[in-house]
Structure formats: structure tokens, C-alpha cells
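Residue numbers (this note's numbering): 3 to 254. Ideal Cβ placement from N, Cα and C applies to all residues, glycine included.
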Ligand SMILES: Cc1cc2nc3c(=O)[nH]c(=O)nc-3n(C[C@H](O)[C@H](O)[C@H](O)COP(=O)(O)OP(=O)(O)OC[C@H]3O[C@@H](n4cnc5c(N)ncnc54)[C@H](O)[C@@H]3O)c2cc1C
Ligand code: FES
């Protein structure tokens, strides 16, 4: 059931990303997502970037619904339902957490709960976010930019490879563009490191009924959005194709 909540604050995180906070008393675990209804526009899936009594979503502006979310001001109302999906499993392993672009947002509730080394990656310096907050929870926070404007000059996978060469990790937990996740998963397969990755697919119902989020035989809304490396091994669409709004298979 959709609940109407009042926006408490809107914080600019980077050039094209804003964090929208609101009070909503519902239990959630790190990595879960919600469906956000913008009246008169659309309903879209968004990961939770805070999971206390005060919840938040961190939104990158890409199209109509995300632009409408960027236009919100405190006091405005949105509809929310959920939380949905499985979330990340915390298991005590020595962990490297990797966020690409807005993919760092769903990883923040995890970093507030467990200790891990962190890699935050973006195309360019003014798209980096949560670096200062992540540094409060971890002694090792590395940043990378594709254009070299800040930190390591290279992509998330290249930074992960460098960090793995100089330190010992048992597990990688990651969220970001699927092409990044695919190459990261390949790296984990090659090096024998366990992984959990959060994926995105087109979603309508978010409760496992409509099939619009199918990834092979998995429904991303209920079986994911977090998948282990072993499950990803069986999903041949991972890194290659997805269903579009009309249910057609399109190349990523
Ligand atoms: C589980 C999950 C968690 C997500 N978490 C975040 C997040 O934390 N922050 C963030 O900025 N974005 C997140 N997204 C992506 C976000 O839902 C889309 O960027 C958003 O729906 C774009 O809508 P739009 O109208 O602005 O853009 P459009 O122009 O309509 O679409 C832009 C892109 O978003 C995709 N998209 C549009 N509607 C949906 C939908 N209902 N389901 C899935 N994909 C859609 C389109 O296929 C297209 O690739 C998440 C997606 C999923 C599935
Ligand atoms: S969104 Fe309907 S089954 Fe997943």
C-alpha cells in the first residue's frame, strides 16, 4: 500500500544527484529499495540511502521522474511503498565495498553497519559523493575517476584490481552500472573472491507478479536486487541484455 510522506530535506550530493529525506516508520535492511510515486508523473524504484526512522533516497537526474524528484522541496509530498527486495548479507568477511556513480547510495546503510574498505568511483570529480561520510566509518576510502580529475585515474574495476593486489579481501560488495558490475564479477571469478552485487531492471509491480524485471529465471524485485557471484554465473543476460518497458530484450 502506498503511503504519502512529507519531504523533510533535499540535499545536493553532486552535480546531478540529490538526497531526499522523509520520516517513515518501517523496517528496512541495507540494499533494499522502495517504489516512489511522484503524483502526476510516474512511480519508479529507488534504493534507500538511509534506513533509520528518517529514510532517504539519492536520485540521479536522468529523465522525467527523476527530474520531478529533483524539483521537490521540503514540505512537498510523495508516495512510497516497500521496502522491497533482499538486501546485502553481512557475514564478517574481510570486505571491499565498491560504489560506481549513484551506486554508492544503497551501500551507505551497509557502511554505517559494518567495517569495510571502500572504493567510490565516478566519471569525473564533481560526480563523486559520500566520500566524507564513508571516511567516518572506514580508514581506507579510495576514490577513482575515469578522467583522472580526482584520486586514482581509471575505472572502478581497475581500482579494485589495484586494491586487491596490495591487500587481502574475502568478499566484494558492489553497486553501479551493470557493465562495471559485470567486469568486477569477472575479476572476482578470476581471483576466487566471493561477491554480492546489486542490479537494476525495469520494474512495475515490485512484488514478483508482473515479470517486467526478469533476469533469466530470477525476478530482480523479489529474488534481488542483490545477487551472489554464484547466482550471477547462471544468469546469461547479466552484463549483456535486459527487458525494456515493453518487455522486449535489448542489448545493454
Ligand atoms: C532496484 C532499483 C534501485 C534503483 N535505485 C536507484 C537509486 O538509488 N538512485 C537512482 O538515481 N536511480 C535508481 N534506480 C534507477 C531509477 O529507478 C531510474 O533511473 C528511474 O526510474 C529513471 O526514471 P526517469 O523517468 O527519470 O527516466 P526515464 O527517462 O524514464 O528512464 C531512464 C532510465 O531509467 C530506466 N527506468 C525508467 N523507469 C524505470 C522503472 N520503473 N524501473 C526500472 N528502470 C526504469 C529506463 O529504462 C531508462 O534506462 C534504481 C532502479 C532499480 C531497479
Ligand atoms: S517488477 Fe513485477 S515481477 Fe518484478
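- When secondary structure is reduced to three states using DSSP, residue 160 falls in the helix class.
- Inclusion of residue 87 and residue 35 in the CB contact set at 8 Å is warranted, their separation being smaller than that value.
- When only Cα atoms are considered, residue 160 and residue 133 end up about 19 Å apart.
- No heavy atom of ligand 1 is found nearer than 7 Å to the CB of residue 248.
- Here residue 62 is bridged, per DSSP, to 19.
- Here the alpha carbons of residue 117 and residue 50 stand approximately 19 Å from one another.
- Within the model, the alpha-carbon separation for residue 67 versus residue 172 is close to 38 Å.
- Around residue 234, the same chain offers 187, 240 as residues with beta carbons nearer than 6 Å, after the five sequence neighbours per side are excluded.
- The continuous beta strand (DSSP E) containing residue 177 extends over residues 173 to 177.
- Residue 17 has its Cβ no nearer than 7 Å to any heavy atom of ligand 2.
- Boundaries of the alpha helix (DSSP H) harbouring residue 184: 180 to 193, taken from the DSSP string.
- Per DSSP, residue 4 is not a residue of any alpha helix (DSSP H), being assigned neither H nor E.
- In this structure, DSSP gives residue 143 an extended state, which the three-state scheme calls strand.
- Looking at the DSSP output, residue 57 shares a beta bridge with 24, 53.
- Inter-segment contact for the stretch 88 to 108 and the stretch 175 to 187 is present: three or more beta-carbon pairs are separated by less than 8 Å.
- Counted as a single uninterrupted DSSP element, the beta strand (DSSP E) harbouring residue 119 occupies residues 119 to 124.
- For residue 110, the enclosing alpha helix (DSSP H) has its first and last residue at 110 to 113.
- A straight line joining the alpha-carbon of residue 190 with that of residue 150 spans about 24 Å.
- The alpha carbon of residue 206 has as its nearest neighbour, out of 194, 236, 197, 222, the alpha carbon of 222.
- At least one heavy atom of ligand 1 falls within 7 Å of the beta-carbon of residue 204.
- Membership of residue 224 in the alpha helix (DSSP H) is indicated by the continuous run 222 to 225.
- For residue 217, DSSP records a beta bridge to 220.
- The alpha-carbon of residue 146 is positioned some 32 Å away from that of residue 45.
- With 16 or more other Cβ atoms inside 10 Å of its own Cβ, residue 21 counts as buried.
- Within a 10 Å sphere around the beta-carbon of residue 232 sit fewer than 16 other beta-carbons, which makes this residue exposed.
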